[in-house]
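Colleague: Everything in the first sequence is counted per our numbering, starting at 2 for the first residue and increasing by one. Idealized CB from N, CA, C, for every residue including glycine.
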Amino acid sequence: MITEKLNNFLLKQLQKLQKDHQFQIEKNDLNITVPPDPQFGDYTTPIVFKISKQINKSPFETAQLISNYLLANKPSFIKKIEAKEPGYLNFFIEEKFLFREFKNLLKNKKRFQKKQQPIIIEYSSPNIAKPMHIGHLRSTIIGETLARIYEFFNFRIIRWNYLGDWGTQFGKLIIAYKLWGNKKEIQKDPINNLLKLYQKFHQEVKNNPQLEEMARKEFKKLVLKDKTNIKIWQWFKKESLKDFQKIYRLLGIKFDIIKGEADFEKDVKKIIRILKQKNLLKESEGALIVPLEQFNLPPALIQKSDETSLYLTRDLASLFYRLKHYHPSKILYVVGNEQELYFKQLFSIINLIIPELKTKLIHIKFGLVLNTNKKKFSTREGELILLEDVLKEAQEKALKIIKTKHPEWSIKKQEKTALQLAIAALKFNDLKSNRATNLMFDWDKMYDYKNNSIIYLLYTYARFNKIIKKVSRKKINSRYLNYDYLNLPIEINLIKQTLNFKEILLKSLEDLSPNIFTSYLLVLTDLLNKYYETIPILKENNQKIRNARLALINQINKILKLGLNILGIETLNEI
RNA sequence: GCCCCUGUAGUUCAAUUGGAUAGAACAUCUCCCUGCGGAGGAGAAGGUUCCCCGUUCAAAUCGGGGCAGGGGCACCA
C-alpha cells in the first residue's frame, strides 16, 4: 500500500532529523490521509504542527525545513513534496509508480499472512419461537460484513449464531400453548402462530399477573427435564430453525457454529462453582449476585431465587467454552446499543475471574431500528415488522420497476433480479449508515428505488460491464495501463481513488465500521459515472487509447465487484 | 433519580477520528437524449454543525455547563 510505503519513509527520515532537532513523535501522529483537494497532492500529513511546537518554529517554517530535508532523500516513487500554509506537508506520487500499483492491486493478496488465532464473531442471534424481524437485520448484516472484511485480510473467522433458545420466555410460551394453543393450527404456520401465543401472553398478563409466576414454573420444569415441556420446546426450536435457515439462505450467510443458550445450561453449575471459589458471589433476596461496585456498575444477577439461571449465567458458560476450545484472539459481540450495560457487566465479571485474559472482548454496538415515531419496536405489543414481509414487498416493488425497464426479459429473470435488488437494498441500507446512530425504518424509503444508492452502484457496474462485453476478451490487456495512454486528469484521479481501496477497507476494519467503506465505494462510483459521461471508450479512434481505457474500466469494475462482494452484495450484469 | 448514546441543509445521512472551502441523496429550480444503457451527467439554491464558555496553530469532532431526543438501570433476553 502506498500509505504504508510513505509512512515508512517519513518515519525513517524524521527519526534521522530527531538527532539534530529535539522533538518527539509517535507513529500514530503521522496520520497520512488523502487531502480534500487534489491541488494539495495525493497524500498529506499534519505531523508538522506537532513538531513545530517542540522546536519553537512556526508551523510553516518547520514544514519547509522538513520538506527540504525529505527532498534530499526523496525515493523514486515520490514525484514532489511541498510545504503548504499553514503547515501541511503534501506528497505527490510518481505516475509510473501509480500505474504499477494499480495493475497489481488484485494480485498481492498473499502479502497478508494467515493469522493463526481465530476471531469469533457472534451475530444475528435470533430468539427461537419469535420470527426474525427488522431489528435482527442489523446484527446479521454488520456481523457478516465484518467477517468478510476480516477474511479479506486473511484472518480466521468463526461465525457464531448464538441462539436465544432458553430462559423464562419459553416458560411463557409453554404456558400460553397449554392454555390457548392448538397443535394442528400451529403446524400450519408455526412461526406466526407461536408469535401470536407470545403476544397473547403479554396481553393476558396485564389482567392476570399470576401468569408470570406460572411461566417461571414451566421454565423450571423445562430445566428439570420435564418430558412434556422438553418435547414442546424441541418442536418450537425445530420449526424456528427451519424458518431462520430460509432467511439466511436468501441473505447468503452460513454460520460455522449454531449453538444457543440451551447448549450451555449444563455448564451453569460449573460457573456458579467458579464464582463461589473466587469469592465473587453474594446472596441477596434469595438470589445470587456478583456485586460490581468497583467498576461502578449495578450488581449482576447470576441465579434467580427459584435457582434457575439467567442469560448472563449461560453467556458466561458459553464464553468459557469459547476460550477453552478456540483460544480466540478476539470475540466480537455484534449486539445493539441497548445491551451496553449488560456487556460491561459480562466483561467485568470475566475480568474478575480471569484477570490475565489475553482475548479481547468487544461489544460492537449499533443503533436501534426505530419506528417512524422514533421509538423502539416492541415484539410484545405486536408492533413488529417481519424480515420476510420486508423482503417480499421490496421484491414486488422492484419487480414493477423492472417490468417497465425490461419488458423483454423472461418473467423468471425479472423475478430473480427483483429479489437480488431487494436483498441488496436491504443490506446496503444498513451498511451505509453509521453503526452508532439509530436507524429509522420507513417503508417508503426502504422501497424507494429511484436514486437509491445501491441501485446506483449496481447500475454503474452493469453499464461498464456491457461495454467490456462488447469487445473480445483478448483485446483487454493490462499492458496498455500506462501514462502514455491514460493521462487525462479524470483517469489519474480514478486510478488514485481505486488505489485507496485497501487503505479504506483497513480503516473500516480498525474502526469496525463498514460505512466507511460503503461511502468510499460511492465516491468511486461517482467518478466512474463522470468518466462514462465525458470520455468516449469504444468510440475513441486511437486504438491504443481505446484499449487502455478498456483495460482501465475493466480493472476498476473488478474492484467494484470485489468491494460489493465484501458487503455481501452480488453484482448484476444487467439491471 | 443515576448511567450510556445521539443532536449537522426542509428530510435521511456523510465528514478519513482534531486538519485545508462541512459533503451526498431525496425534495425545489435550470440545462444535456442523432451519443458506450437517462436507474445517468452539468449546474443553482439551501448551514450560527442545538445553545453558552473554554482548550490550540486548527473544533461538527476534545473539556465544562445547559437544552432536546433515544436507550438502559435485579429475578426478561
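Would Trp161 pass as a contact of Ile120 if the rule is Cβ separation under 8 angstroms?
Modeller: No, they are not a contact pair.
Colleague: Can you check which of these residues, Pro515, Tyr462 and Leu422, is closest to Leu528 by C-alpha distance?
Modeller: Ranking Pro515, Tyr462 and Leu422 by Cα distance to Leu528 puts Tyr462 first.
Colleague: Look up Thr360 in the DSSP assignment and say whether it is helix, strand or coil.
Modeller: In this structure, Thr360 counts as coil in the three-state DSSP scheme.
Colleague: From this set, Leu342, Asp431 and Leu506, which residue's C-alpha is nearest Val370's C-alpha?
Modeller: Checked all of Leu342, Asp431 and Leu506; the closest Cα to Val370 is Asp431.
Colleague: Measure how close the beta-carbons of Gly287 and Ser306 come, nearest whole angstrom, since I'm counting them as under 8 angstroms.
Modeller: The Cβ separation is near 3 angstroms, so the contact holds.
Colleague: Three or more C-beta pairs closer than 8 angstroms, one from the segment 126-134 and one from the segment 79-96: is that the case here?
Modeller: As far as the Cβ criterion goes, the segment 126-134 does not touch the segment 79-96, which means the pair count is below three.
Colleague: According to the neighbour-count rule (16 or more other Cβ atoms, all chains shown, within 10 Å of its Cβ), is Gln40 buried or exposed?
Modeller: Under this definition Gln40 is an exposed residue.
Colleague: Thinking just about the alpha-carbon of each residue, which of Thr229, Thr4, Phe465 and Ile496 is nearest to the one in Glu534?
Modeller: That would be Phe465, whose Cα lies nearest to the Cα of Glu534.
Colleague: Compute the Euclidean distance between the alpha carbons of Leu281 and Leu289, then round it to the nearest angstrom.
Modeller: Going by the C-alpha atoms only, they are around 10 angstroms apart.
Colleague: Just the C-alpha distance for Asp43 and Ile159, rounded to the nearest angstrom, thanks.
Modeller: If you take the alpha carbons of Asp43 and Ile159, they lie about 38 angstroms apart.
Colleague: Contact between the segment 516-530 and the segment 556-574: three or more CB pairs below 8 angstroms?
Modeller: Yes, the segment 516-530 touches the segment 556-574.
Colleague: Should Phe237 and Ile386 be called a contact, given that it needs their Cβ atoms to be closer than 8 angstroms?
Modeller: Going by C-beta atoms, Phe237 is not nearer than 8 angstroms to Ile386.
Colleague: Between the alpha carbons of Ile175 and Arg217, how many angstroms are there, rounded?
Modeller: Distance between the alpha carbons of Ile175 and Arg217 is about 10 angstroms.
Colleague: Can you find the residues in the same chain that come closer than 6 angstroms, C-beta to C-beta, to Ile254, ignoring five residues on each side of it along the sequence?
Modeller: Closer than 6 angstroms at the Cβ level, and outside the excluded window around Ile254, lie Glu145.
Colleague: Can you give me the C-alpha to C-alpha distance between Asp244 and Leu164, rounded to a whole angstrom?
Modeller: Between Asp244 and Leu164, the C-alpha separation is close to 13 angstroms.
Colleague: Quick check: the segment 260-279 against the segment 187-198, are at least 3 beta-carbon pairs closer than 8 angstroms?
Modeller: Output reads no: the segment 260-279 does not touch the segment 187-198.
Colleague: Is it buried or exposed for Ala263, if we count other Cβ within 10 angstroms and need 16 for buried?
Modeller: It is buried - the Cβ of Ala263 has at least 16 other Cβ atoms within 10 Å.
Colleague: Taking 8 angstroms as the limit between beta carbons, can you name the residues of its chain near Leu489, skipping five residues before and five after?
Modeller: These residues qualify, in order along the chain: Ile536.
Colleague: Under a three-way DSSP split, which group does Tyr484 fall into?
Modeller: Coil.
Colleague: From the DSSP output, in three-state form, read off Thr309 for me.
Modeller: Coil at Thr309, not helix or strand.
Colleague: Given that a residue counts as buried once 16 or more other Cβ atoms are within 10 Å of its Cβ, and exposed if not, what is Glu339?
Modeller: Exposed is the call here.
Colleague: If you follow the beta strand (DSSP E) that Glu214 is part of, which residue opens it and which one closes it?
Modeller: First-last for Glu214: Gln211 to Val224, but that is the alpha helix (DSSP H), not the beta strand (DSSP E).
Colleague: Could you name the residues that DSSP lists as bridge partners for Gly165?
Modeller: Note: Gly165 sits in a beta bridge opposite Asn128.
Colleague: Touch check for the segment 470-483 and the segment 414-434: three-plus C-beta pairs under 8 angstroms?
Modeller: The segment 470-483 is not in contact with the segment 414-434.
Colleague: Note down the Cα distance separating Asp227 from Leu180, rounded to an integer number of angstroms.
Modeller: In a straight line, the C-alpha of Asp227 is about 17 angstroms away from that of Leu180.
Colleague: Tell me whether Ile150 sits in a helix, a strand or coil according to DSSP, three-state version.
Modeller: In the structure shown, Ile150 sits in a helix (DSSP, three-state: H, G or I).
Colleague: Measure from the alpha carbon of Ile365 to the alpha carbon of each residue in Phe429, Tyr334, Leu342 and Lys345, then state which is nearest.
Modeller: Nearest option by C-alpha distance: Tyr334.
Colleague: Going by the DSSP bridge assignment, what does Ser285 pair with across the sheet?
Modeller: BP columns for Ser285 point to Ala288.
Colleague: Counting pairs of Cβ atoms below 8 angstroms between the segment 147-157 and the segment 202-210, do you hit three or more?
Modeller: Judged by Cβ distances under 8 angstroms, the segment 147-157 makes no contact with the segment 202-210, as fewer than three pairs qualify.
Colleague: Going by C-alpha to C-alpha distance, which of Phe78, Asn74, Glu83 and Ile79 sits closest to Gln65?
Modeller: Residue Glu83 is the option with its Cα nearest to Gln65.
Colleague: Opposite Gln304 in the DSSP bridges: which residues?
Modeller: Gln304 pairs with Leu289 and Ser310.
Colleague: Among Leu523, Lys540 and Phe103, which residue has its Cα nearest to the Cα of Tyr460?
Modeller: For the residues Leu523, Lys540 and Phe103, the minimum Cα distance to Tyr460 belongs to Leu523.
Colleague: Just list the residues that DSSP pairs Thr46 with in beta bridges.
Modeller: DSSP output for Thr46 lists Leu90 as bridge partner(s).
Colleague: Which complete alpha helix (DSSP H) runs does the segment 405-459 hold, if anything under 4 residues is left out?
Modeller: Segments of the alpha helix (DSSP H) lying fully in the segment 405-459: 412-432 and 444-447.
Colleague: Tell me which residues share the same chain as Ile554 and place their Cβ nearer than 6 angstroms to its Cβ, disregarding the 5 neighbours each side in the sequence.
Modeller: Excluding residues within five positions, the ones whose Cβ falls inside 6 angstroms are Phe465.
Colleague: If you follow the beta strand (DSSP E) that Ala84 is in, where does it begin and where does it stop?
Modeller: Counting along the chain, the beta strand (DSSP E) containing Ala84 begins and ends at Ile79 to Lys85.
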